[in-house]
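Position in the sequence shown (from 1) plus 3 gives the number in the working numbering.
Don't be surprised by glycine CBs; every beta carbon is placed ideally from N, CA and C.
Input: a single structure, listed below in structure tokens.
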Amino acid sequence: MGYSAVEDSLTSPHPVMVTKQADGSVTMENGVIAAHLDSMGRVMSLYLVHSGRESVQDGHCANQFVIFDDVPLYWDAWDVMDYHLETRKPITTLLKPLAIVLTGGLRGSVKFSLQISERSVITQEVILDAMCPYLRFLTQVDWNEAHRFLKVEFPLRVRSMNATYEIQFGHLQRPTHWNTSWDWARFEVWTHKWMDLSEHGFGVALLNDCKYGASVHKNVMSLSLLRAPKSPDATADIGPHEFTYAMMPHRGSFQEAGVIHYAYNLNFPLHTVPAVSARCPAWSAFSVHSPAVVLETVKQAEDRLDGLVVRLYESHGSTVVTWLQTSLPVKEAINCDLLERPDPSSHLPLEEHGLKLCFTPFQVRSVLLILRQ
């Protein structure tokens with residue numbers, strides 16, 4: 004919560020460069036990452052510049068759309084059966100080849116269209132922003148299928164026994180192999196804003212803004228996009244859809260690379276509005292000193308007009324002590340539970356640096372702030 008004034012004439016020390024090649028492919032680079040896309044929008048190469056690491060598996064392409072037959076045994080809209088994986092079909096029918104939309108500067112982008120079937124079409128704009136560590140895929144789908152399942156795949160040059168998936172207020176790990184019947188049964192995993200596959204020193208994260216099913220088998224990350232069940236609602240998911248996902252190579256662990264921070268940025272982008280004055284000072288309602296602690300919620304207290312409830316959680320799986328600072332006129336701070344019932348014996352001292360908060364791994368804390376009137 005806050006704002007900062009910026010000038011119209013922004014420049015970047017490493018502007019985006021978008022270049023069309025003779026074979027119809029396109030290269031995009033911004034000094035952080037460099038991508039090479041073929042005429043169907045598939046990522047042939049995604050290179051992390053400062054580490055010298057390639058992300059995409061040799062001889063394969065990332066951002067490969069695939070479609071499956073999806074006919075569950077019983078509950079059409081709820082179940083996904085493992086045998087659907089045997090019907091995999093890559094989508095390779097090109098409607099509009101890759102074309103440059105923005106040539107570079109603060110942003111570069113390219114656009115293409117694929118035909119899923121006679122009734123359904125994918126249109127995608129691949130976007131690279133200046134100084135941004137991820138390649139963004141703004142996707143529009145006109146979806147008119149029956150019992151089909153659309154996914155997008157990313158074969159990577161990364162090997163790990165486990166992949167990490169975000170859940171609410173934390174993350175979990177699942178194996179990337181199907182060695183046992185228990186592993187095989189987890190052919191799809193729930194995920195929220197990000198998933199990550201990392202080996203020591205390097206990894207790739209897949210961020211998204213509204214999809215909740217994913218999988219990693221061996222070195223292939225897959226994001227579930229759309230289904231077409233016919234019961235109990237024959238029109239479920241039929242029609243136009245728009246969603247965004249992003250591919251982010253990184254050095255170190257996902258915690259060190261700030262994957263959680265960038266996933267929040269993708270889901271809650273900054274909004275620009277005309278400023279009243281060019282001298283408008285920057286202002287922030289809250290700040291948290293530790294990158295491991297996320298300020299997830301700020302809301303009006305349910306039972307008092309002079310109260311705000313802030314909810315924070317530890318996101319890295321670590322024990323951490325941090326400071327919560329605010330520019331609001333707080334006169335009292337009290338620990339409370341998720342139902343906003345204050346603990347009378349747990350008042351937090353207001354110090355010069357703000358509120359000192361201690362977290363255990365994945366701990367969720369709610370604080371009731373009483374404001375001066």
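Backbone CA spacing between residue i and residue j [nearest angstrom]
i      : j      : result
Val291 : Asn270 : 19 Å
Asp240 : Lys114 : 24 Å
Trp193 : Gln171 : 11 Å
Asp309 : Gly44  : 52 Å
Lys23  : Arg110 : 16 Å
Val279 : Ala8   : 10 Å
His244 : Ala231 : 13 Å
Ser369 : Leu351 : 12 Å
Ser48  : Val223 : 15 Å
Glu10  : Phe152 : 45 Å
Ala237 : Leu311 : 44 Å
Ala336 : Val297 : 18 Å
Glu148 : Val323 : 49 Å
Gly55  : Glu354 : 45 Å
Asn211 : Ala249 : 6 Å
Leu97  : Val155 : 16 Å
Pro235 : Gly34  : 50 Å
Asn66  : Ala38  : 12 Å
Thr14  : Thr106 : 15 Å
Gly204 : Ser256 : 7 Å
Glu32  : Gly108 : 11 Å
Residues bridged to residue i [DSSP beta-bridge criterion]
i      : result
Leu210 : Trp197, Ala249
Phe205 : Glu202, Arg254
Asp72  : Arg151
Tyr267 : Per DSSP, none; premise fails for Tyr267.
Asn165 : Pro178
Asp132 : Arg110
Pro243 : Asp145
Arg139 : Ile130, Ala249
Val223 : Pro158, His220
Glu32  : Met20, Ala37
Val192 : Ala217
Test: residue i CB closer than 8 Å to a CB of chain D
i     : result
His87 : Of the protein chains in the structure, only one exists, and it is not chain D.
Residue nearest to residue i in terms of C-alpha spacing, selected from the options
i      : options                        : result
His319 : Thr14, Asp306, Asp309, His174  : His174
Trp185 : Asp85, Tyr265, Val370          : Asp85
Gly242 : Pro252, Asn33, Leu229          : Leu229
Ser201 : Gln176, Leu351, Ser330, Trp181 : Gln176
Val219 : Asp212, Cys213, Ala208         : Ala208
Lys221 : Thr179, Pro284, Asp73          : Thr179
Leu137 : Leu331, Ala25, Val19, Asp61    : Per the sequence shown, residue 137 should be read as Tyr rather than Leu. Cα-wise, what sits closest to Tyr137 is Val19.
Trp146 : Leu13, Leu159, Arg122          : Arg122
Leu159 : Pro75, Val83, Ser58            : Ser58
Phe157 : Leu101, Asn211, Phe68, Asp132  : Phe68
Arg307 : Gln376, His87, Arg254          : Gln376
Asp41  : Ala80, Glu32, Trp81, Ala102    : Ala102
Lys233 : Val155, Cys64, Pro75, Val144   : Pro75
Ala260 : Gly206, Asn182, Thr247, Gly216 : Gly206
Asp73  : Gln303, Gln328, Arg91          : Arg91
Val104 : Val29, Tyr215, Val333          : Val29
Leu327 : Gln303, Glu343, Pro347, Ser287 : Ser287
Gly27  : Glu317, Phe362, Pro100         : Pro100
Leu131 : Asp199, Val46, Asn338, Gln366  : Val46
Ala80  : His87, Tyr316, His150          : His150
Leu371 : Pro347, Ile36, Ser225, Tyr265  : Pro347
Buried or exposed (CB count within 10 angstroms, at least 16 for buried), residue i
i      : result
Met134 : exposed
Leu341 : exposed
Pro345 : buried
Ser163 : buried
Asp61  : exposed
Gly357 : buried
Lys196 : buried
Arg139 : buried
Val276 : exposed
Ser330 : exposed
Glu305 : exposed
Pro252 : buried
His87  : buried
Thr247 : buried
query: What are the uninterrupted segments assigned as beta strand (DSSP E) that are 3 or more residues long and contained completely in the stretch 50-95, given in chain order?
result: 67-72
- request: Jot down the residue ranges of each uninterrupted beta strand (DSSP E) in the stretch 95-127, minimum 3 residues, whole runs only, in chain order.
  value: 96-108, 110-118
- prompt: What are the start and end residues of each continuous beta strand (DSSP E) run of 3 or more residues lying completely inside the stretch 315-370, in chain order?
  reply: 323-329, 333-339, 345-350, 358-362
task: Could I get the ranges of all uninterrupted beta strand (DSSP E) runs contained in the stretch 290-314, with 3 residues as the minimum, in chain order?
output: 296-303, all fully within the stretch 290-314.
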